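Same order as they appear, the protein sequences are chains A and B.
Note that the working numbering gives residue 29 to position 24 of the first sequence, counting from 1, and the numbers run on in steps of one.
Note that the working numbering gives residue 182 to position 93 of the second sequence, counting from 1, and the numbers run on in steps of one.
Don't be surprised by glycine CBs; every beta carbon is placed ideally from N, CA and C.
Everything numeric in this text was worked out from a predicted model, so none of it was measured.
The structure under discussion appears below in the form of structure tokens.
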Amino acid sequence: MNYRDPQLCELLAGQYVLGTLSARARRRFEGLLPGRPDLRRQVAAWEHRLPEVLGQAPAEEPPAAVWNSLNRRLFAEAATTPASAPRGLFERLGFWRGWAFTSSLLASVFALALLLGRETEIPGYVTTLASMKTRTPMWVVSASPEMDRLYVRALLPMDVPHENGCLLWIKPEGSDQYYLLGSIPEHDGADKMLKIDRKMRPMLKGELYVTVEPVAKGMPEKPAVAPSFAGNWVPIKI
Amino acid sequence: MSSTPEVLGDLLARCALADRAAFEKLYRLSSPQLFGIVLRIVRDRDIAADVLQETYVKIWHRAGDFRADLATPITWMGSIARNQAIDTLRRAEHRITQADDVDEMYDLADDSEGPQDAAARERDAAALHRCLEELQGAQRTAVRLAWFRGMTHEELAEHLDTPLGTVKSWLRRGLLRLKTCLEGA
């Protein structure tokens with residue numbers, strides 16, 4: 006089969022989305038997708054158009070038991086074993102993205118550990134703050150085990166408009182409120198230490214967010230814009 | 090919280106960072122739509138529940154693959170759900186073999202506004218409907234059966250009591266015609 010024939014590719018993409026390819030043909034087609042951006046675009050176009058033209062099934066509330074067993078299965082599994090490897094692991098874009106992400110995270114952790122080693126211990130928690138749209142990691146943040154200091158290092162340059170700054174916020178677990186931790190550097194390679202007030206320390210377990218917003222009139226109490234970057238702490242055990 | 094593409098896209102991005110709270114929100118917002126898709130194909134609530142669970146396991150593991158520039162979140166998740174439902178159906182052979190009224194099936198399709206851009210949907214609706222009507226009766230039936238029941242070429246041939254080659258040809262021509270029409274819509 007000539008997978009460079011444009012009409013054949015278009016048909017395969019359409020039939021793939023329509024669901025008429027046999028299991029074998031579908032697997033073969035899926036095997037082509039990671040290396041063929043043109044096919045991925047064609048599939049995306051069909052995925053966008055077919056539900057519009059043919060209609061979608063009406064929404065239906067699933068049984069409550071589904072979430073309970075999903076939660077048990079997924080997170081119990083995650084706690085004891087690594088995520089199961091999907092078929093064709095090395096052909097999957099997500100695998101390489103994850104590999105690159107993990108590698109850069111670990112490299113940054115050890116770089117920071119070396120840096121901090123002169124004056125303090127190995128960090129207790131670490132995270133990367135990544136773009137919520139592109140998932141590009143922009144900062145690595147580590148926290149001392151007592152959560153009394155955070156160290157932030159910018160990984161990539163940021164194009165921040167004049168009079169704006171990058172502000173780091175914490176949204177504590179179970180809370181809908183954001184608390185400002187401080188401004189963080191925008192230039193790649195730049196480091197900054199943020200001292201955490203004693204009463205803030207117990208609240209530091211939660212989701213970290215970064216907003217890019219005006220700071221010329223002083224630090225805001227709550228975000229003026231939607232966060233653009235996010236991260237979750239990973240405990241470090243060495 | 091509403092299930093706009095922006096909200097679902099942000100939740101998927103946070104799932105890619107292993108954010109469990111985001112995953113739960115994503116499930117709450119999107120599962121009725123995905124369950125509807127799955128149920129329409131497998132037509133058994135217990136099996137559909139199992140398929141939905143498998144679907145969200147895949148969504149959790151593959152959240153990093155989502156590309157906002159290629160598809161809306163619900164389209165991306167819906168295609169995972171469809172493929173999972175079709176695979177399950179073909180493995181277990183839980184097909185309901187009696188003849189269906191495909192027009193009734195089409196009428197039951199949800200025409201209410203989904204998370205897709207409502208304005209764009211309204212603007213395109215007439216043009217899209219015209220594209221579907223442009224297909225010949227048999228082409229339209231085959232395309233609808235494949236979409237709503239997840240039938241393969243062979244199953245369509247059996248269901249429509251038509252030679253396999255003819256069914257393949259209907260679908261090929263139907264898809265190409267749809268594409269041509271949609272590009273001009």
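* To do: List the DSSP bridge partners of Leu-213 (chain A).
  => Stepping through the first sequence from its first residue, residue 213 (chain A) is reached at position 208. A:Ile-175 and A:Gly-236.
* Bridge partners - Ser-136 (chain A), DSSP secondary structure assignment -> In the first sequence, the residue the question calls residue 136 (chain A) occupies position 131. According to DSSP, which records beta bridges pairwise, Ser-136 (chain A) is partnered with A:Phe-234.
* Cα separation between Pro-68 (chain A) and Leu-209 (chain A)? -> As a position in the first sequence, residue 68 (chain A) is number 63, starting the count at 1. As a position in the first sequence, residue 209 (chain A) is number 204, starting the count at 1. Spanning the two alpha carbons is a distance of roughly 35 Å.
* To do: Grab me the residues of Leu-37 (chain A)'s own chain with a C-beta within less than 8 Å of its C-beta, minus the 5 sequence neighbours each way, in chain order.
  => The residue labelled residue 37 (chain A) in the question sits at position 32 within the first sequence. Closer than 8 Å at Cβ, skipping near neighbours: Tyr-8 and Leu-44.
* To do: Residues of the region 163-181 of chain B with a CB closer than 8 Å to any CB of chain A: list them in chain order, please.
  => Listed in sequence order: Thr-164, Trp-165, Gly-167, Ser-168, Arg-171, Asn-172, Ile-175, Asp-176 and Arg-179.
* Asked: By the criterion of Cβ-Cβ separation under 8 Å, what are the contact partners of Leu-155 (chain A) in chain B?
  -> Looking up residue 155 (chain A) in the first sequence gives position 150. What Leu-155 (chain A) touches in chain B: nothing, since even the nearest Cβ is about 18 Å away.
* Using a C-beta to C-beta distance shorter than 8 Å, which residues of chain A count as neighbours of Ile-136 (chain B)? -> On the second sequence, position 47 is the one that residue 136 (chain B) refers to. Near Ile-136 (chain B) there are no residues of chain A at all, since even the closest Cβ is about 12 Å away, more than 8 Å.
* To do: With 8 Å as the limit, tell me which residues of the region 196-222 of chain A have their beta carbon closer than that to any beta carbon of chain B; keep them in chain order.
  => So the close ones are Glu-212.
* Assuming Leu-97 (chain B) and Leu-115 (chain B) form a contact by the criterion Cβ under 8 Å, report the distance between their Cβ atoms to the nearest whole angstrom. => Taking the first residue of the second sequence as 1, we reach residue 97 (chain B) at position 8. Taking the first residue of the second sequence as 1, we reach residue 115 (chain B) at position 26. With 8 Å as the limit, Leu-97 (chain B) and Leu-115 (chain B) qualify as a contact, their Cβ atoms being about 7 Å apart.
* Can you give, in chain order, each stretch of the alpha helix (DSSP H) that sits fully within the region 109-188 of chain B and has at least 4 residues? -> 109-131, 134-151 and 162-181
* Across which residues does DSSP place Met-198 (chain A) in a beta bridge pair? -> Indexing the first sequence from 1 puts residue 198 (chain A) at position 193. DSSP, once it has assigned bridges, lists A:Tyr-156 as partnering Met-198 (chain A).
* Could you tell me whether any Cβ in chain A is nearer than 7 Å to the Cβ of Glu-128 (chain B)? => In the second sequence, counting from the first residue as 1, residue 128 (chain B) sits at position 39. Before going on, a small fix: residue 128 (chain B) reads as Leu here, not Glu. Taking Cβ atoms only, chain A reaches closer than 7 Å to Leu-128 (chain B), which makes this a yes.
* Asked: Could you give the distance in angstroms between the alpha-carbon of Tyr-184 (chain A) and the alpha-carbon of Arg-219 (chain B)?
  -> On the first sequence, position 179 is the one that residue 184 (chain A) refers to. On the second sequence, position 130 is the one that residue 219 (chain B) refers to. Approximately 53 Å between the Cα atoms of the pair.
* **Check whether Met-198 (chain A) and Arg-158 (chain A) have beta carbons under 7 Å apart** => Within the first sequence, numbered from 1, the residue matching residue 198 (chain A) stands at position 193. Within the first sequence, numbered from 1, the residue matching residue 158 (chain A) stands at position 153. In this structure, Arg-158 (chain A) does not lie closer than 7 Å to Met-198 (chain A) by Cβ.
* Asked: How many angstroms separate the CA atom of Pro-142 (chain A) from the CA atom of Gly-236 (chain A)?
  -> Stepping through the first sequence from its first residue, residue 142 (chain A) is reached at position 137. Stepping through the first sequence from its first residue, residue 236 (chain A) is reached at position 231. Going from the Cα of Pro-142 (chain A) to the Cα of Gly-236 (chain A) covers about 9 Å.
* In the DSSP assignment, what residue or residues form a beta bridge with Gly-187 (chain A)? -> Numbered from 1 along the first sequence, position 182 holds the residue referred to as residue 187 (chain A). DSSP lists A:Leu-173 as partners of Gly-187 (chain A).
* Compare the Cα-Cα distances from Ile-163 (chain B) to each of B:Ile-136, B:Arg-129, B:Ile-175 and B:Leu-100 and report the closest residue. => Counting from 1 along the second sequence, the entry for residue 163 (chain B) is found at position 74. Comparing alpha carbon positions, the residue from B:Ile-136, B:Arg-129, B:Ile-175 and B:Leu-100 closest to Ile-163 (chain B) is B:Leu-100.
* Asked: With respect to the beta strand (DSSP E) encompassing Ala-148 (chain A), which residues constitute its N-terminal and C-terminal limits?
  -> By one-based count along the first sequence, residue 148 (chain A) stands at place 143. First-last of the beta strand (DSSP E) with Ala-148 (chain A): 142-148.
* Asked: By how many angstroms is the C-alpha of Asp-193 (chain A) removed from the C-alpha of Pro-232 (chain A)?
  -> On the first sequence, position 227 is the one that residue 232 (chain A) refers to. On the first sequence, position 188 is the one that residue 193 (chain A) refers to. So the two alpha carbons sit approximately 20 Å from each other.
* Asked: Where Met-137 (chain A) and Phe-112 (chain B) are concerned, what is the direct C-alpha to C-alpha distance, given to the nearest angstrom?
  -> Position 132 of the first sequence, counting from 1, holds the residue named residue 137 (chain A). Position 23 of the second sequence, counting from 1, holds the residue named residue 112 (chain B). CA-CA distance, Met-137 (chain A) to Phe-112 (chain B), rounds to 14 Å.
* Which of helix, strand or coil does DSSP assign to Leu-97 (chain B)? -> Within the second sequence, residue 97 (chain B) is the residue found at index 8, counting from 1. The answer is helix: DSSP assigns Leu-97 (chain B) an H, G or I state.
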